[in-house]
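**Q** Can you read through this structure? Questions will come right after.
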Amino acid sequence: MTVNHLNIVVGDMARSLAFYVGLLGMRQTFDILLEGEWIEDVTGCPQAKAHCVFVMPDGGGCRLELLQYLTPEGTALAPNSLPNTPGLRHFALEVDDLDAWYEKLRGAGTVFVSPPVTVPFRIVEGIQKRLCYCHDPDGVIVELCAHLRS
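Numbering (our numbering), first residue to last: 229 to 378.
Structure representation (structure tokens):
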């Protein structure tokens, strides 16, 4: 079994593409309007219609499915949703130069929880992890991380 994709429901597709493609440098791989009985059945949302765009990191890995529901309109999570709120809370993107990505995104107005921190233990022998959390335009927590060999 493998993870095929992660879904992020977005409030504004153009704003989200500016973040994931424009700022993070992912590439858009698919763009379609989802409508009809099949999408209503699978989502349980009557009259569901959604703009669907898949993006993928250039380095490969799991695709992200960005989905903007045109109908029915949903309710956004509370803006103060914290990492300890039950449910899917964040996903992680591994980068080569964490400090450079932090400065680039911060300079573009991305909101960070903190500057990069170093994990005080090693999950894998000989590898030190550094990370930070930021928020995408809809408040989804995105972890940026780097693994440094010691």
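Idealized CB from N, CA, C, for every residue including glycine.
#1: Can you confirm whether the stretch 350-367 touches the stretch 270-280 when touching is taken to mean that 3 or more C-beta pairs between the two stretches lie within less than 8 Å?
#2: Kindly indicate the opening and closing residues of the alpha helix (DSSP H) around Glu371.
#3: Identify which residue in Glu265, Leu333, Lys277, His318 has its Cα closest to the Cα of Gly253.
#4: Check for me: the beta strand (DSSP E) holding Pro359 runs from which residue to which?
#5: State the start and end residues of the unbroken alpha helix (DSSP H) segment that holds Val347.
#6: Over what stretch of residues does the beta strand (DSSP E) that includes Ile351 continue unbroken?
#7: Do the CB positions of Gly302 and Val237 come within less than 8 Å of each other?
#8: Going residue by residue through the stretch 289-313, where are the continuous beta strand (DSSP E) segments of at least 3 residues, counting only ones entirely within it?
#9: Gly337 to Phe349, Cα distance in whole Å?
#10: Which same chain residues end up closer than 7 Å to Ile369 when comparing Cβ atoms and leaving out the 5 residues on each side of it in sequence?
#11: Helix, strand or coil for Thr271, going by three-state DSSP, please let me know.
#12: Please report the distance separating the alpha-carbon of Cys290 from that of Asn235.
#13: Kindly indicate which three-state DSSP category Leu245 falls into: helix, strand or coil?
**A** The short version:
#1: In this structure the stretch 270-280 does not lie against the stretch 350-367, because fewer than three pairs of beta carbons, one per stretch, are closer than 8 Å.
#2: Not the alpha helix (DSSP H): Glu371 falls in the beta strand (DSSP E), residues 369-377.
#3: Checked all of Glu265, Leu333, Lys277, His318; the closest Cα to Gly253 is Leu333.
#4: Strictly speaking, residue 359 in this sequence is Leu, with Pro absent from that position. 355-363 is the span of the beta strand (DSSP E), which, as asked, contains Leu359.
#5: Under the DSSP assignment, Val347 falls outside any alpha helix (DSSP H); it carries neither an H nor an E label.
#6: No beta strand (DSSP E) contains Ile351, which DSSP labels as neither H nor E.
#7: Going by C-beta atoms, Gly302 is nearer than 8 Å to Val237.
#8: The beta strand (DSSP E) runs lying completely inside the stretch 289-313 and spanning 3 residues or more are 291-299, given in chain order.
#9: Spanning the two alpha carbons is a distance of roughly 31 Å.
#10: For Ile369, where only same-chain residues beyond five positions count, the Cβ hits under 7 Å are Pro311, Arg317, His318, Tyr361, His363.
#11: Thr271 carries a helical assignment under DSSP once its states are collapsed to helix, strand and coil.
#12: Each residue's alpha carbon lies about 11 Å from the other.
#13: DSSP places Leu245 in helix when its eight states are reduced to three.
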